[in-house]
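Here's the structure we're looking at; comments come further down.
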Amino acid sequence: MSAPTTEPRPEETMSRSFDDLVAEADAASVDGWDFSWLDGRASEERPSWRFSELLGRRLASVPSSLDLETGGGEVLDTAPVLPPLAAATESWPPNLARAAARLHPRGVVVVRTEEGAVLPFADDSFALVSSRHPVAVDWTDVARVIAPGGSYLAQHVGPASVFELVEAFLGPQPEAVRRARHPDDEADGARAAGLDIVCLRTERLRIEFHDVGAIVWFLRKVIWMVPGFTSAQYLDRLQELHRSLQEDGPFVAHSTRTLIEARKPAR
Numbered sequence: 035m036s037a038p039t040t041e042p043r044p045e046e047t048m049s050r051s052f053d054d055l056v057a058e059a060d061a062a063s064v065d066g067w068d069f070s071w072l073d074g075r076a077s078e079e080r081p082s083w084r085f086s087e088l089l090g091r092r093l094a095s096v097p098s099s100l101d102l103e104t105g106g107g108e109v110l111d112t113a114p115v116l117p118p119l120a121a122a123t124e125s126w127p128p129n130l131a132r133a134a135a136r137l138h139p140r141g142v143v144v145v146r147t148e149e150g151a152v153l154p155f156a157d158d159s160f161a162l163v164s165s166r167h168p169v170a171v172d173w174t175d176v177a178r179v180i181a182p183g184g185s186y187l188a189q190h191v192g193p194a195s196v197f198e199l200v201e202a203f204l205g206p207q208p209e210a211v212r213r214a215r216h217p218d219d220e221a222d223g224a225r226a227a228g229l230d231i232v233c234l235r236t237e238r239l240r241i242e243f244h245d246v247g248a249i250v251w252f253l254r255k256v257i258w259m260v261p262g263f264t265s266a267q268y269l270d271r272l273q274e275l276h277r278s279l280q281e282d283g284p285f286v287a288h289s290t291r292t293l294i295e296a297r298k299p300a301r
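The sequence shown begins at 35 in the numbering used here and counts up by one.
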């Protein structure tokens, strides 16, 4: 999503009917990991560390890299320079095709993986392993493929991210669910796998949804927020949100993002 703006919502969006907004959002493609469909309809603050730029600088300084859960390759492709040996993994077929089309011309090997499966790479293969918003991290396997002295550099989704929206549909969530992906727990997992924590930072960032179509499209794309979401299933709740958006302004939520760098000790 784009950076926050203080400009008023487009008048044409505010005046459109509920049925029109929902139908448009239901028909729009959610392939890849591009959120530009939300431009002008939702906004999100960005973490201060500027992950894409940080990753680009690191990639220019290492001989080999692996980008995990690369999506459509959008973030990796922003790097001005890629290492001589660069690989990426993805498990969702539509994203895999997009990543291959985007990254193959830049010399990146794109490998299909299965969620929960061991990474199909030899031990000590990569000087840098990266990821932006991985679903889950198998720290033991990640540590295995990092070369001695190499690093894992990633931006993770933090605990209770966008839970204002989640709980608007699912109701209050248990504390154990809210704590999932806590940075302290992730750091403990990395240390248990033999990695040293170099950096651990978390920020809470404001999100605004300006129309109900933006909410529908977001929940269709980020499928783990409200599992099994369809507009038909939650029609009454969406109508309530539409009225609130029209009368009270944007729906405000907060994402959490964690920057984590962990290093494998040199032998």
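Backbone N, C-alpha and C define an ideal beta-carbon position, used for all residues, glycine too.
Could you confirm whether any beta carbon from chain B is found closer than 9 Å to the beta carbon of residue 144?
Given the protein chain composition of this structure (a single chain), no chain B is represented.
Under the three-state DSSP convention, the category residue 236 falls into:
strand
Go to residue 200, then tell me how far its beta strand (DSSP E) extends in each direction, as first and last residue.
Here residue 200 belongs to no beta strand (DSSP E); instead the alpha helix (DSSP H) covers 197-204.
Supposed contact pair residue 192 and residue 290 - C-beta distance, whole angstroms, cut 8 Å:
3 Å
Determine the burial state of residue 112: buried for a count of at least 16 other Cβ atoms within 10 Å of its Cβ, exposed for fewer.
exposed
How about residue 98 and residue 117: are their beta carbons less than 9 Å apart?
Pairing residue 98 with residue 117 gives a Cβ-Cβ distance under 9 Å.
Neighbour-count burial assignment, residue 82, 16 or more Cβ in a 10 Å radius
exposed
Inter-residue CB distance, residue 220 and residue 190 (contact presumed, cutoff 8 Å):
7 Å
Hey, out of 59, 246, 89, whose CA is closest to residue 286's CA?
Checking every option, the nearest Cα to that of residue 286 belongs to 246.
Helix, strand or coil at residue 78 [DSSP, three-state]:
strand
By a C-beta neighbour count over all protein chains shown, 10 Å radius and 16 as the cutoff for buried, is residue 101 buried or exposed?
buried
Within the continuous alpha helix (DSSP H) that includes residue 135, where are the two ends?
Counting along the chain, the alpha helix (DSSP H) containing residue 135 begins and ends at 127-137.
Closer than 7 Å by C-beta to residue 165: which residues in its own chain qualify, once you throw out the five before and the five after it? Chain order, please.
101, 102, 103, 188
Any 3 or more C-beta pairs closer than 8 Å across the region 50-62 and the region 150-157
No contact exists between the region 50-62 and the region 150-157.
Tell me which residues share the same chain as residue 307 and place their Cβ nearer than 6 Å to its Cβ, disregarding the 5 neighbours each side in the sequence.
The requested residue 307 is not part of the displayed model; the chain covers only 35 to 301.
Can you tell me whether DSSP reads residue 38 as helix, strand or coil?
For residue 38, the pLDDT reaches just 40, beneath the cut-off of 50, and the residue's location in the model is therefore unreliable, although a value from the coordinates is still provided. Note: residue 38 maps to coil in three-state DSSP.
Given a threshold of 16 other Cβ atoms within 10 Å of its Cβ, counted over all protein chains shown, does residue 95 qualify as buried or as exposed?
exposed
Tell whether a beta-carbon distance below 9 Å holds between residue 201 and residue 207.
yes
Which value, in whole angstroms, describes the spacing of the CA atoms of residue 80 and residue 293?
12 Å
Secondary structure of residue 286, DSSP reduced to three states
strand
Can you tell me whether residue 227 is helix, strand or coil according to DSSP?
coil
Give the secondary structure of residue 215 by DSSP, where H, G and I count as helix, E and B as strand, and everything else as coil.
coil
Residue 264 by DSSP, collapsed to three states: which one?
coil
Determine the closest residue to residue 170 out of 217, 204, 92, with distance taken between C-alpha atoms.
217
9 Å Cβ cutoff met for residue 110 and residue 137
yes
Let me check one thing: in DSSP terms, what residues is residue 188 bridge-paired to?
165, 294
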